[in-house]
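Each remark here refers to the structure printed beneath this line.
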Amino acid sequence: MSSTKKESSNRPEKTAGKNRSHFSEFDDEGVQKKTAEVERSLSIFINSIGDPIFVKDDQSRLLLVNDAFCLLFEMDRDRIIGQTLEQDVSPEERENFLKNDKQVLKDGIENISEESLTVRNGEKRIISTRKSRYINERNEKFLIGIIRDITDRTKSEQALTKAKEKAEEYENRFHLLMQNMNAGVNVHAPDSRIVHSNARASEIMGLSEDQMKGKKAVDPDWKFVYPDNSPMKFDDYPVNQILRSRKPLKNFEGGIYQPGKNEVRWVSVNGFPVFNPHGELIEIVVVFIDV
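And the structure:
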């Protein structure tokens, strides 16, 4: 116990000595110089950030902005400082901005919101703004914010959504067309596996749509014959001809033996390969018509 008290009684004296030694190195001019250097460094740091940054007072007046903020609003800093910029945005945008400002200043809860911003040339941007509150030692409230321009990302997302909707629309129309055609249609993957077929194809092949799906040309249920009723070579199956040549097949005639039935359905076959923009085969479409 005695050693602890001794250490405690000695500590303030040593600390005080150090403090006097430290502050004696700086006079008022030195402190001001150091403060100016820090402020310059802070200014350089803030202006090097690509996202707009701002500080507002409790009346939503701008006290500090970086270069990116000026660039976003296309205004000089001198015209921005001390202003709310409410006159430079649409009434709806102004209402949203000030509403969020007041809420954050009141409850101190950080707010992140996506909103539109109409800049001076009338162009509408989409921004994500993060706002937080700071209270200094004099109990003054400030709003600190950083803006991320997400216009390009939002446009990309919207374009992707539209593309998906368009693709779904085309797919639905494709299925509707397939199911109402008076011809059998099989869509094959590059390995000859059936990925889509219609009801007419099932009728001609003598298999249900579920039975058709996933079957490859090598499957024993596939039995093709030439017009003279002789067994067709595997390489001459319509889908295999297209796979081999990578070219359309036109008016190829042959017969199809239906499983479990001792009869042949004679058909005229047309088909074509489908390639992606890189020239890679993605599917083969084969169409059967009764003759």
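Under my numbering, residues 10 to 300 are what the sequence shown spells out, in order.
Even for Gly, the Cβ is constructed at its ideal location relative to N, Cα and C.
From a predicted model like this one, the values you see are computed outputs, not experimental measurements.
Whole-angstrom distance between residue j and residue i, CA atom to CA atom
{"i": "Val-294", "j": "Met-241", "result": "20 angstroms"}
{"i": "Asp-66", "j": "Gln-167", "result": "36 angstroms"}
{"i": "Val-278", "j": "Ala-198", "result": "18 angstroms"}
{"i": "Phe-151", "j": "Ile-118", "result": "13 angstroms"}
{"i": "Gln-250", "j": "Asp-161", "result": "46 angstroms"}
{"i": "Ser-99", "j": "Thr-127", "result": "7 angstroms"}
{"i": "Val-47", "j": "Glu-123", "result": "33 angstroms"}
{"i": "Phe-304", "j": "Lys-175", "result": "A query on residue 304 cannot be resolved here, the shown segment of the chain reaching from 10 to 300 and no further."}
{"i": "Gly-154", "j": "Arg-70", "result": "13 angstroms"}
{"i": "Arg-182", "j": "Thr-170", "result": "18 angstroms"}
{"i": "Leu-185", "j": "Glu-177", "result": "12 angstroms"}
{"i": "Pro-257", "j": "Asp-158", "result": "49 angstroms"}
{"i": "Ile-136", "j": "Asp-97", "result": "16 angstroms"}
{"i": "Leu-80", "j": "Glu-146", "result": "33 angstroms"}
{"i": "Gly-131", "j": "Glu-104", "result": "18 angstroms"}
{"i": "Gln-188", "j": "Gly-269", "result": "25 angstroms"}
For residue i, the first and last residue of its enclosing beta strand (DSSP E)
{"i": "Leu-142", "result": "Per the sequence shown, the amino acid found at residue 142 is Arg instead of Leu. Taken as a continuous stretch (DSSP letters only), the beta strand (DSSP E) holding Arg-142 covers 133-144."}
{"i": "Ser-206", "result": "203-206"}
{"i": "Ile-121", "result": "120-127"}
{"i": "Val-194", "result": "193-197"}
The ligand COA heavy atom lying under 7 angstroms from the CB of residue i
{"i": "Gly-269", "result": "Only the bare structure without any ligand can be found here, which leaves the ligand COA out of the picture."}
Cβ shell of residue i (< 8 angstroms), same chain only, five flanking positions each side left out
{"i": "Lys-173", "result": "none"}
{"i": "Phe-78", "result": "Pro-61, Ile-62, Phe-63, Ile-89 and Ile-156"}
Limits of the alpha helix (DSSP H) - the one that residue i falls within
{"i": "His-184", "result": "160-189"}
{"i": "Glu-218", "result": "218-221"}
{"i": "Leu-80", "result": "76-82"}
{"i": "Lys-242", "result": "Segment: none, Lys-242 is in no alpha helix (DSSP H) and carries neither H nor E."}
{"i": "Lys-65", "result": "Where Lys-65 is concerned, there is no enclosing alpha helix (DSSP H), although the beta strand (DSSP E) it sits in stretches over 62-65."}
{"i": "Asn-249", "result": "247-254"}
{"i": "Val-300", "result": "Counting along the chain, Val-300 falls outside any alpha helix (DSSP H), and DSSP gives it neither H nor E."}
{"i": "Asp-110", "result": "100-116"}
{"i": "Asp-87", "result": "86-89"}
DSSP beta-bridge partners of residue i
{"i": "Arg-157", "result": "Ser-137"}
{"i": "Leu-51", "result": "Looking at the DSSP assignment, Leu-51 forms no beta bridge with any residue, so it has no partner."}
{"i": "Val-234", "result": "Pro-240 and Gly-264"}
{"i": "Lys-224", "result": "According to DSSP, which records beta bridges pairwise, Lys-224 is partnered with nothing at all."}
{"i": "Leu-258", "result": "Gly-280"}
{"i": "Leu-72", "result": "According to DSSP, which records beta bridges pairwise, Leu-72 is partnered with nothing at all."}
{"i": "Leu-152", "result": "Lys-65 and Arg-142"}
Same chain only: Cβ atoms within 6 angstroms of residue i, ignoring 5 sequence neighbours per side
{"i": "Asp-244", "result": "none"}
{"i": "Val-204", "result": "Val-196 and Ala-198"}
{"i": "Val-283", "result": "Ile-291 and Glu-292"}
{"i": "Arg-129", "result": "Glu-83"}
{"i": "Arg-255", "result": "Pro-282"}
{"i": "Ser-141", "result": "Glu-119 and Ile-153"}
{"i": "Thr-163", "result": "Ile-135"}
Close beta carbons around residue i, own chain, < 7 angstroms, minus the five adjacent residues each side
{"i": "Ser-211", "result": "Ser-217, Glu-218 and Met-221"}
{"i": "Phe-297", "result": "Ala-192, Gly-193, Ala-210, Ile-213, Val-276 and Val-278"}
{"i": "Gly-223", "result": "Arg-202 and Ile-203"}
{"i": "Gly-288", "result": "none"}
{"i": "Ile-58", "result": "Asn-75 and Ala-77"}
{"i": "Met-190", "result": "Asn-207 and Arg-209"}
{"i": "Tyr-143", "result": "Phe-151 and Ile-153"}
Residue-chain proximity (residue i, chain C), Cβ-Cβ < 8 angstroms
{"i": "Glu-212", "result": "Looking at the structure shown, chain C is missing, and only one protein chain is on hand."}
Can you check the segment 266-297 for any beta strand (DSSP E) of at least 3 residues that lies completely inside it and give the ranges in chain order? List check, beta strand (DSSP E) in window: 273-284.
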